[in-house]
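Everything in the sequence shown is counted per the numbering used here, starting at 169 for the first residue and increasing by one.
Here's the structure we're looking at; comments come further down.
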Amino acid sequence: MFKQGPVRAASHRLIFENSPENWQNGFPVGNGMFGGLVYQPEETVMEMAFTRHNHWRNNLKKWDRLTLQQLREIDKNAPDTMEKMLSAERRGKIEPCFKPGGRLRIWQDEFGGAPAGNFFDRRQELDLAAGEVQSGYELAGKAMERITLVDPAGDVAITHVRDTYLHELQLNTYLAYTQRIELYRLYDPDVIIHNIGTAEDGISYIEFSFGEELRTIIAFKVDGVPWHTPVAQGCSVSVEIDLDYINAAGPLSYTVFQTMIVSEDGSGNLLAQAREVLNRAAAEGFESIQKRNREFWNSFWQQSGITLGNPALEALYYNNLYQYGAQSRGDVAPALFGLWNAERSAPWCGRYTGDINVAMYCWPLAALNHPEMLEGMFRTIERWIPVVREETLRTYGVDGLRFPAGCGLRGEETAPSMYRLMSCASGFYMDFYRKAAACYPDKETLRKRIYPVMLAAAKFYIALADRDSSGKLRFGPSWAPEQGVIPAWNVSNDLGLIKPLWQAVVAMDSELQLNTPEAAQIAELLKEFPDYPQKEGEFIDSASEPGRTELCHPGYLACVIPGDDVDADSPLAAVAQKTLREHLDHTCRKPLAGKIGSGCDLTWGWMLAAAIRLRDSEFANIMLEQVGLEDFVKSNGMFAYIGGRTFKSISEKRAGYDVKNTQPHSLTSQSGCVRARDYAMTMVQSGGGFMFSVQEAMLQSHKNQIKLFPCMLNIFGNKASFHNFRAEGGLVVSAAWQDGKVVYFRISSTRQAYHGTLRWFGSNHISEDLAVAPQRSLKQLAADTFELELAPNEVIEWGNADNACAADEHPPVIKSYNDKIAFDYGRKGPYYL
């Protein structure tokens, strides 16, 4: 238990002195499955854009696809025609698309005329520790505050509004106020409205579908003040409420309860269900639900945490951990944009993208010590398995699992033409399985839930295995994600994922004593596994390439991250480092002119993580500070899915966009000013890449070795600690670092014994056995490396526990990363200046 966790989270309250006006820069709230973004457009008290993870337009026609046998015939006889043949595959034009639920708006007060001219103040804060958005606004005669949260026990968002100041002339005069509360959806040609209105009991609702079986209702109810004048038109329903200061004895308050119910098969009386949910919440009341929500988040923050000397960077970590907690605790995992999407049709249809994006979201999950956040990914993949198994058998002729490069909630392949040829998705998704099994070892879970899926994915790669003319093992035909020749063989991205998957399957088969023939076959194939393609001292994209090419993805680093095969101690470390450092020299997604950067949504997080694994702290610092923070971070603690710059003039902006030999869509999608960055959407993978990199800088546990503080970055400051991180082998680890020295660690095993090594990286070198509590020592094996043998449920500790929380608590203020970064953590500048 990290007892200081709630206090650390509370110190990173996100403060906007002037509320965000647009949903893209709003503040997140959610219960893991349902939630959205809270913001305050002009002339409103607040607005919340919300949705639910299972809210999809699903319709997709089956494809007529080329089989693996046909693909190999084309490769053998006419490889130059493969792209054309793949493009000719017939598919449905309408593909699955993740959809927003709707928006709830509270309009600004009126009293015979809009008092916009008297609007003095508006602010908004995200209380991470409490899991709620708090805000306030002030008019000439009164001030009100609002609190918005989502019930952790049900799909209800609650906004409580109350007076905090009344001018002496406000009460018992003719100044009665009204507000209009509106539930609406923006125009969407896919939507069919089935029912809309306000019932006699005050339930306002919109029931709709996307022309298929899935049906949705969004609804709200106001409690605490009278309502009247319901209006329903188009995709909007609203009521007016009275704030009757003429007869009021004192300050007024009211609560808005809103819900969203999704019936995936279209069954059930959705209005009756919504009525039951809203009435139950109203009967319980705001204070009770707020108490439950705060108790949940108090417990959440005690499961793991960090401290850093840099207050803004520590705040960014906690903010992104909060985002994970708010959208990663349901039966469905976040797709490309998670719950933070209000577009009617999100870019790339908001799908599950298997070539890196969703995989990067998974990277920090195992180490976070939040097993509840693994469940959504497990259950989502389990949803897909029947469809994926059927398609794998039909197209690849094997009873295995070839996961699609892109899909919706049902698992049907959506990637067209050559994108469909990509073969890395099974490896990326099984990396999540592999690390979940390593950090939470349990034989029953391994036997029933993890190993069967990993074996089935491994069988797909057996089918993909082939022999070249000299008899050497190769994999294909495939395609490196978004780049390179078509078809490609021995794609580096594929190899970096197939190898650890196969090794894990062989080890699991042995542990479970199953002796499956496929595991035996894989063990033999591993003996002749292909080398990662390279030329002139660096990795190349595939064995089909003549050498260095222009790239979109740094996929040839998959053997480093997430594959765990190459690290700083590997014979291939120098090759990996050269590849890493020179990747941006030959990317076709170039940044805006004038500085190092990337015009790609996924590159900086992948390269940051790879640099840390290779212990290249200098390059990692550049990736985090000069790219991740300067070009991608937003003032609300999220990352823009496409980065950019903050130019100060039109001429500077035009010069910045003068970039040659780059992809036009990549260049023109990049933002050029602060406001444009604020209006950029957020993808789930960016926060994952950032959090994982911070974790990895302080703790690595691959290859049966616990590494403490292997790659500390200058931007972290001179103090750092982590608390209750999970490590492979099921260990729970905490440690502290100050001024370049390891000053404390605590390691505990769970139900399983651990046999491995411990290595630390610090200036306090030890040349003898390491004495640890309680009254034992760790045998030294090499410099700063010790034998680590733990019995089940054993705990060892070294150093002064008073140093466990290394960095002092930071005050809850707006925080600056550094002077070069245009965005702070939070936003200064009150409304009235």
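Every residue, glycine too, gets a C-beta built ideally from N, C-alpha and C.
Can you name, in chain order, every residue of its own chain whose Cβ lies under 7 Å from the Cβ of ARG233, other than the five neighbours on each side?
Start at 1 with the first residue of the sequence shown, and residue 233 comes out as number 65. Same-chain partners within the cutoff: GLU257 and THR563.
Going by Cα to Cα distance, which pick from ARG578, TRP469 and ALA656 is closest to ASN227?
Mapped onto the sequence shown, residue 227 falls at position 59. Of the candidates ARG578, TRP469 and ALA656, the one whose C-alpha sits nearest the C-alpha of ASN227 is ARG578.
What are the partner residues of CYS575, as DSSP defines its beta bridges?
Residue numbering aside, residue 575 sits at position 407 when the sequence shown is read from its first letter. CYS575 is bridged to TYR520 and GLU581.
Enumerate in chain order the residues of its own chain whose CB-to-CB distance from LYS667 is below 8 Å, with the five nearest sequence positions on each side excluded.
Here the question's residue 667 lines up with position 499 in the sequence shown. Counting only Cβ-Cβ distances below 8 Å, and skipping sequence neighbours, we find LEU694, PHE697, CYS727, GLY731 and ASP733.
Please name the residue or residues paired with LYS389 in a DSSP beta bridge.
For the purposes of this step, residue 389 is taken as the residue at position 221 of the sequence shown. DSSP output for LYS389 lists PHE425 as bridge partner(s).
Please classify ASP970: does DSSP put it in a helix, a strand, or coil?
As a first step, residue 970 is located in the sequence shown; it is residue number 802 there, counting from the start. Correct three-state label for ASP970: helix.
Secondary structure of SER646, DSSP reduced to three states
Here residue 646 is taken as the residue at index 478 of the sequence shown, counted from 1. In the structure shown, SER646 sits in a strand (DSSP, three-state: E or B).
Could you tell me which whole alpha helix (DSSP H) segments of length 4 or greater appear in the region 789-853?
818-824, 832-837 and 842-846
Helix, strand or coil for TRP191 per DSSP?
Along the sequence shown, read from residue 1 onward, the residue named residue 191 stands at position 23. Three-state result, TRP191: helix.
Cutoff 8 Å; reference PRO554; Cβ partners in own chain excluding five residues on either side:
As a position in the sequence shown, residue 554 is number 386, starting the count at 1. Excluding sequence neighbours, PRO554 sits near GLY579.
Residues bridged to ASN537 by DSSP?
By 1-based counting over the sequence shown, the position of residue 537 is 369. In the DSSP output, where bridge partners are listed per residue, ASN537 has none listed.
TYR207: first and last residue of the uninterrupted alpha helix (DSSP H) it sits in
Within the sequence shown, the letter at position 39 stands for residue 207. Looking at the DSSP string, TYR207 is not in any alpha helix (DSSP H); the run it does join, the beta strand (DSSP E), is 202-207.
Taking just the CA atoms, how far does THR212 sit from ALA494?
For the purposes of this step, residue 494 is taken as residue 326 along the sequence shown, with counting starting at 1. For the purposes of this step, residue 212 is taken as residue 44 along the sequence shown, with counting starting at 1. Whole-angstrom Cα-Cα distance: 25 Å.
For PRO739, count the other beta carbons within 10 Å of its own beta carbon; 16 or more makes it buried, fewer makes it exposed. Which is it?
One-based indexing of the sequence shown puts residue 739 at position 571. So PRO739 ends up on the exposed side.
Would the region 961-981 and the region 941-952 be scored as touching if the rule is three or more Cβ pairs under 8 Å?
yes
So, using beta-carbon positions, are ILE810 and GLN853 closer together than 9 Å?
Within the sequence shown, numbered from 1, the residue matching residue 810 stands at position 642. Within the sequence shown, numbered from 1, the residue matching residue 853 stands at position 685. Not in contact: ILE810 and GLN853 (Cβ atoms no closer than 9 Å).
Bridge partners for ILE183 per DSSP, in chain order?
Stepping through the sequence shown from its first residue, residue 183 is reached at position 15. DSSP, once it has assigned bridges, lists GLU293 as partnering ILE183.
The alpha helix (DSSP H) spanning LYS640 covers which residue range?
If you number the sequence shown from 1, residue 640 lands on position 472. No alpha helix (DSSP H) contains LYS640, which DSSP labels as neither H nor E.
By how many angstroms is the C-alpha of ALA904 removed from the C-alpha of LEU665?
If you number the sequence shown from 1, residue 665 lands on position 497. If you number the sequence shown from 1, residue 904 lands on position 736. Spanning the two alpha carbons is a distance of roughly 32 Å.
If you check the beta carbons only, do LYS887 and GLN868 fall under 9 Å apart?
Working through the sequence shown from its first residue, we reach residue 887 at position 719. Working through the sequence shown from its first residue, we reach residue 868 at position 700. No, the Cβ-Cβ distance between LYS887 and GLN868 is not below 9 Å.
Can you look up HIS221 in the DSSP assignment and give me helix, strand or coil?
The residue labelled residue 221 in the question sits at position 53 within the sequence shown. Coil, per DSSP.
CB contact flag (TYR597, ALA527, <9 Å):
Within the sequence shown, numbered from 1, the residue matching residue 597 stands at position 429. Within the sequence shown, numbered from 1, the residue matching residue 527 stands at position 359. Yes, the Cβ-Cβ distance between TYR597 and ALA527 is below 9 Å.
Boundaries of the beta strand (DSSP E) in which GLY595 is found, first to last residue:
Position 427 of the sequence shown holds residue 595. Per DSSP, GLY595 belongs to no beta strand (DSSP E); it is in the alpha helix (DSSP H), 593-607.
Do TRP395 and GLU375 count as a contact pair if the criterion is CB distance below 9 Å?
Here residue 375 corresponds to residue number 207 of the sequence shown, with the count starting at 1. Here residue 395 corresponds to residue number 227 of the sequence shown, with the count starting at 1. Contact flag unset, no.
Boundaries of the beta strand (DSSP E) in which GLU957 is found, first to last residue
Stepping through the sequence shown from its first residue, residue 957 is reached at position 789. GLU957 -> beta strand (DSSP E) spans 953-958.
Kindly list the residues whose CB is nearer than 6 Å to the CB of GLU185, restricted to its own chain and excluding five residues on each side of it in sequence; keep chain order.
Indexing the sequence shown from 1 puts residue 185 at position 17. Cβ within range, chain order: ARG291, LYS996, GLY997 and PRO998.
Taking the alpha carbon of HIS891 as the reference point, which residue from ALA573, GLU713 and GLY473 has its own alpha carbon closest?
For this step, residue 891 is matched to residue 723 along the sequence shown. The candidate whose alpha carbon is nearest that of HIS891 is GLY473.
Distance check for CYS517 and ASN190, CA to CA, integer angstroms please.
If you number the sequence shown from 1, residue 190 lands on position 22. If you number the sequence shown from 1, residue 517 lands on position 349. If I take the Cα positions, the gap works out to 21 Å.
Counting Cβ pairs, one atom from each stretch, are 3 or more of them under 8 Å apart for the region 505-521 and the region 453-470?
no
In whole angstroms, what separates the C-alpha of THR548 from that of ASP499?
Position 380 of the sequence shown holds residue 548. Position 331 of the sequence shown holds residue 499. Roughly 7 Å between the two C-alpha positions.
When DSSP labels each residue in this structure, what does ASP923 get in the three-state scheme?
Indexing the sequence shown from 1 puts residue 923 at position 755. Note on residue identity: the sequence assigns His, not Asp, to residue 923. Strand at HIS923.
Pull up the distance between the alpha-carbon of GLY506 and that of TYR922, whole angstroms please.
The count along the sequence shown starts at 1 and reaches residue 506 at position 338. The count along the sequence shown starts at 1 and reaches residue 922 at position 754. Distance between the alpha carbons of GLY506 and TYR922 is about 36 Å.
Counting C-beta neighbours from all protein chains within 10 Å, is the total for HIS870 16 or more, i.e. buried, or is it exposed?
Translated into the one-based positions of the sequence shown, residue 870 becomes position 702. Buried, since its Cβ has 16 or more Cβ neighbours within 10 Å.
Pick from PRO572, ARG570 and THR384 that is closest to ARG225, judged by C-alpha positions:
Locating residue 225 in the sequence shown gives position 57, counting from the first residue. ARG225 has its Cα closest to that of THR384, out of PRO572, ARG570 and THR384.
Between GLU704, LYS909 and ASN415, which lies nearest to VAL743 when the distance is taken from Cα to Cα?
Taking the sequence shown and counting its residues from 1, one reaches residue 743 at position 575. For the residues GLU704, LYS909 and ASN415, the minimum Cα distance to VAL743 belongs to GLU704.
Separation of ASN537 from SER678, as counted between CA atoms:
By 1-based counting over the sequence shown, the position of residue 678 is 510. By 1-based counting over the sequence shown, the position of residue 537 is 369. Going from the Cα of SER678 to the Cα of ASN537 covers about 27 Å.
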